[in-house]
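If you read the protein sequences in the order shown, they are chains P and S. Counting with my numbering, you get residues 1 to 457 for the letters of the first sequence. Counting with my numbering, you get residues 458 to 933 for the letters of the second sequence. A quick write-up on the structure given underneath.
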Amino acid sequence: MPLVLVTILLPVIAGVLLYALPRSDRLISRTIGTAVAIVTFVTLLVAGNGEWSFRWLARPFTAAFHFGATPTSFWIALLLAVSTASAIAATRVPRTRDFVALLLMLEGTMLGLFLARDLLVFALFWDLMLIPVFFGLIGWGEHPVTAWRYFIYNFAGGLTLLLATAAFGVIYGSTDVIGRTGAHFAGGWAGWIYAGFAFAFLVKTPIWPLHTWMPPTYSGLASPMVAVVSAVQSKAGLYGFLAIGLALMPEYVHAYALPLMVLGAISLIYGAVVALVQTDAKRVVAYSSLSHLGLIVLAVASGNPLALKGALVYIVAHGLFSAALFLLLGFVEEREDTRSLLRLGGLGWKNPRLAGALCIAALAALGLPGLAGFAGELVILIGVYQAGYVWAVIVALVSILLASAYMLRLYQDVMNGPPVADLPVRPDLTWREGLAVAPLLAALLIVGVYPAPLLHP
Amino acid sequence: MTPPFTHADWSAIAPVTVVAVAALAVLIVDLFTVQRQQRYVSIGIALVGVFAAAVVAARQFGHNHDAFFGGFITGGFATVFQEIILIAAAGSLILFAAIGPAQRVAGTTAIMLWSASGAMLMAGAANLLMIFLGLELLSLGLYALCATSDRKTSRESALKYLILSSTATAFLLFGSALLFGATGSVRLADFTNPMLSSNPLFWTGAGMFLIGLVFKLSLVPFHTWTPDVFEGAPLPVTAFMSVATKAGALAVFARFIYASLPSGVGEALMLPVWIVAGISMIAGNVGMLAQHDLKRLLGYSGIAQIGYILVALAGTTPLGLRYAIYYLAAYAFMNLGAFAVAASISGDGEEGSALSTYRGLGLRRPWLAAAMAVFLLALAGLPPTAGFLGKILILATSVGSGYLWLAALLIVGTAISLYAYAKVIRLMYERPEGEAPRDLRPFVPLAWISAGVCGVAVVVMAFYPITPSNVLPLVR
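Here is the structure:
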């Protein structure tokens, strides 16, 4: 059996089989889940750029279950495997078995998305990856309405993607086109097809004004799952712009670059300003995500080769630090039963390891040189500048300045200051928790110091 | 004197005959069975009959033959529709065995088989008389079946169905008479004469004929009976009705619009139907939002789903017909599966189809809840199910034949529908709070197996999209 297929099926099948375990067994399901995620990571490395294809449709257009990593998707898939392993290891929720199973299925469906080489398969996994999160929101979310918003917004995006894919298939005869060299589509309905794709991508990223599903989802969902969602699922749209928009129909990305840039710039500033005034720690990170992903949209829209390389670095960097931030804030919430910045404070005195880890993640998020965030930001800014969008660079710089403000505020309000009397005192980061976030923090450092593999894939 | 009909004519309707004879056998054997075993004996015989008919029908797949002077045409088209109807009959019979009343089983079983044979007749019918015969056989059986439960709503449902359906039949019959008047023939094959396109009698007749069919398909604005009848009828009957009526009416509809209209008439005559299909996709899905009863919800869902199927037919392309059949088969499995789950949770006689019964099902009956989730997601068109692939195929067809506005309405309708389907899923998986729901039924093996088979079919069909090839020509 081809390894690339194993990579996708392994987490899904393991997730289903997990239901055979006794319901109460937290330790075993967590251990098995982490092990499966690590094995997936290894098979992904071994599979490399292997491909596998199986014919699905012959009419009305040809489509195939065609999987295989492209240079871009390979890194995102690795990021996914790492963040899933971390998230499962960090899981501490009621009904652990079911939750871990959902996380594994989420990993499998998203691997299917990123490794898909066929548009129809891409669309299939696009819808499929919503389902585990929807169940996560129902079972472990704070408010059921959040589940609706998430599902319906993203499903609406998925439907335009579906319509665009069907139209693409009918017009061009085949959807087996992702990563095909020399594939190029323009003229006729191609502009409308691109619009259908772009809408889905913008909802998923998300970008202002389509972002309203995102803050409640990110703050309401259980931390381990939101870590994976913000780290990787939010990259599905950006990956779509890279692998479908720019690779297959670049004319339209260039022709509509300006509106895209404007939306990206608004998200950058809007996300940053709103993050500045949030009192819910997870919402700060949620809005910071909106801002950071706006930067990647700028890079994509500029179409500059250097900016695109930077975009990949920043996709990985953002995945790493947002996963780390959400996991760490989850640890804080488990300890103190609150994530309100007004109530938290002074945790750093009793929890130095937790404070240190959060410090690294926050510094990466605000773009400290030496950590991954900086490498991505710098390359993107140079690229966007080269493309001639000076105003966009200025907007980005302002937002990076704001990022320092809200990230430091977040850290300060949680860790610094005098200890708050009515907060329970709990032990510092445990071994398990430390091991869970360590790979993410280590990767932040490695990518920050040596981003070359990502820049020259 | 030679008999007017040959051996080949009679063997063409063999599948229908087998089902009808099985019904007789059920009634006769029932007389010699002790009461304790009546239920299983009757349904056992019926299932054997259904299976035999399925085999006989499958053997006709490759043989295009017009029997009874073009009144009944065998071949891929008829076979596929007959198989779908037989699947619906088998599924409902199994539900009858699982949860039906212990009394009067033979009668209900026989009526359901006759009803199925009527729908099967419609699948191959190619003249107006045969269509009417099949339709009435189907409907008369259903009127009786609707009333078999002891609940008050059951009678109401039967009466409502009888009155409204008769109205539709009247339209169909009057339309048929006008068509005969305009053409001098009852054969659909004779309606393609280009001279007819300027004959107002033909237009009126075809219009009324279509209104009758649209009523049976329960499209807006002729849809109001569906939720009420679905709610009132016993659960297995609802399951049967939701698939078989649609399959029968759709077969006639497809044959009529694909093969029986003179050139130039089709587009103008059918435009109102496509508009109605478009409205149905929206109205059916919006109607679902306010429902608190699973049967009503699935009734509204069916209104929208038949709209999706008509979108595939809108271009009257050969591929469109195949995809419509594919989606109908997928719909049969999703729907029967959902009813099977409903039957495993709550039987006939209790007010069991209320959505509140499903609260917390995910924790108490994880397998049933998972199956239900698959069926609901399939109805909403999410992967990895046949509903997803069916939607893609339908969208591709409508884009290819230029009916973009129908594709757009389909998208909007689907987006609305997700809310209603996901509402049920949320109920099932939400953390239970407040008072515990009533006790569930104990393990109902037959219904569980039925749900399982449907679930597997719904998923497998997404990966092996077999669409029947031999569905044309429809008349000769």
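We put the CB at the ideal spot given by N, CA and C, even for glycine.
Here S/V856 is not near S/A865, since their CB atoms are 7 Å or more apart. Listed in chain order, the non-local C-beta contacts of S/S801 below 7 Å within the same chain comprise L825, R898, V901, A904, W905, A908, local neighbours out to five positions each way being set aside.
Remark: C-beta atoms of P/G196 and P/L242 do not approach each other more closely than 7 Å.
Counting the other Cβ atoms within 10 Å of the Cβ of S/V643 gives 16 or more, which makes it buried. Rounded to the nearest angstrom, the Cβ distance from S/A573 to S/V483 is 12 Å, too far for a contact under 8 Å. Annotated as distal: P/G388 and P/L306, with beta-carbon spacing of 7 Å or more. The three-state secondary structure of P/T212, taken from DSSP, is coil.
Counting the other Cβ atoms within 10 Å of the Cβ of P/A20 gives fewer than 16, which makes it exposed. Identification of residues in the region 152-172 of chain P having a C-beta nearer than 9 Å to some C-beta of chain S yields I152, F155, A156, G158, L159, T160, L162, L163, T165, A166, A167, G169, V170, I171, given in sequence order. Taking a beta-carbon distance threshold of 7 Å, P/P60 counts as an interface residue toward chain S. Note that the C-beta distance between S/T536 and S/A514 is below 7 Å. For S/L820 and S/G527, the gap between their C-alpha atoms comes out near 56 Å.
Rounded to the nearest whole angstrom, the CA to CA distance from S/G669 to P/I193 is 39 Å.
Its chain contains G158 as the residues whose beta carbon lies nearer than 6 Å to that of P/D127, once the 5 sequence neighbours on both sides are disregarded; these appear in chain order. For secondary structure counted as the beta strand (DSSP E) over 3 or more consecutive residues, the region 460-547 of chain S holds these complete runs in sequence order: 522-524, 529-531. P/H318 sits in a helix when the DSSP states are folded into three classes. Excluding the 5 residues flanking it on each side, S/G519 has same chain C-beta neighbours closer than 7 Å at N927, in chain order. Out of P/L57, P/P94, P/D25, the CA that lies nearest to the CA of S/Y780 is found in P/L57.
Judged by DSSP in its simplified three-state form, P/G68 adopts strand.
Within the DSSP bridge table, the entry for P/S53 names P/H66 as partners. Boundaries for S/S606: no alpha helix (DSSP H) harbours it, and the DSSP string shows neither H nor E there. The C-alpha of P/F135 lies about 22 Å from the C-alpha of P/T31. If you draw a 10 Å sphere on the C-beta of P/E377, you find 16 or more other C-beta atoms in it, and that means buried.
Comparing alpha carbon positions, the residue from P/Q233, P/L276, P/P94, P/Y256 closest to P/G303 is P/Y256. If you check the CB distance, P/L124 and P/A69 do not come in under 7 Å.
Here P/S291 is not bridged, per DSSP, to any residue.
Taking CB atoms only, P/L124 has a neighbour in chain S less than 7 Å away. DSSP, read as helix, strand or coil, puts S/A769 in helix.
Given a length threshold of 4 residues, the region 358-383 of chain P has no whole run of the alpha helix (DSSP H) inside it. Taken through DSSP and simplified to helix, strand or coil, P/S174 comes out as strand.
With respect to P/S322, P/K282 sits apart: the two C-beta atoms are not nearer than 7 Å.
Per the Cβ contact rule, the region 654-671 of chain S is in contact with the region 723-738 of chain S (3 or more Cβ pairs under 8 Å). Assignment of S/R644 by DSSP, reduced to helix, strand and coil, places it in the strand class.
Between S/A639 and S/N656, the gap from beta carbon to beta carbon is short of 7 Å.
Remark: fewer than three beta-carbon pairs, one from each stretch, lie closer than 8 Å, so the region 273-281 of chain P and the region 356-363 of chain P are not flagged as touching. Counting of Cβ neighbours within 10 angstroms places S/P691 among the buried residues, the total reaching 16 or more.
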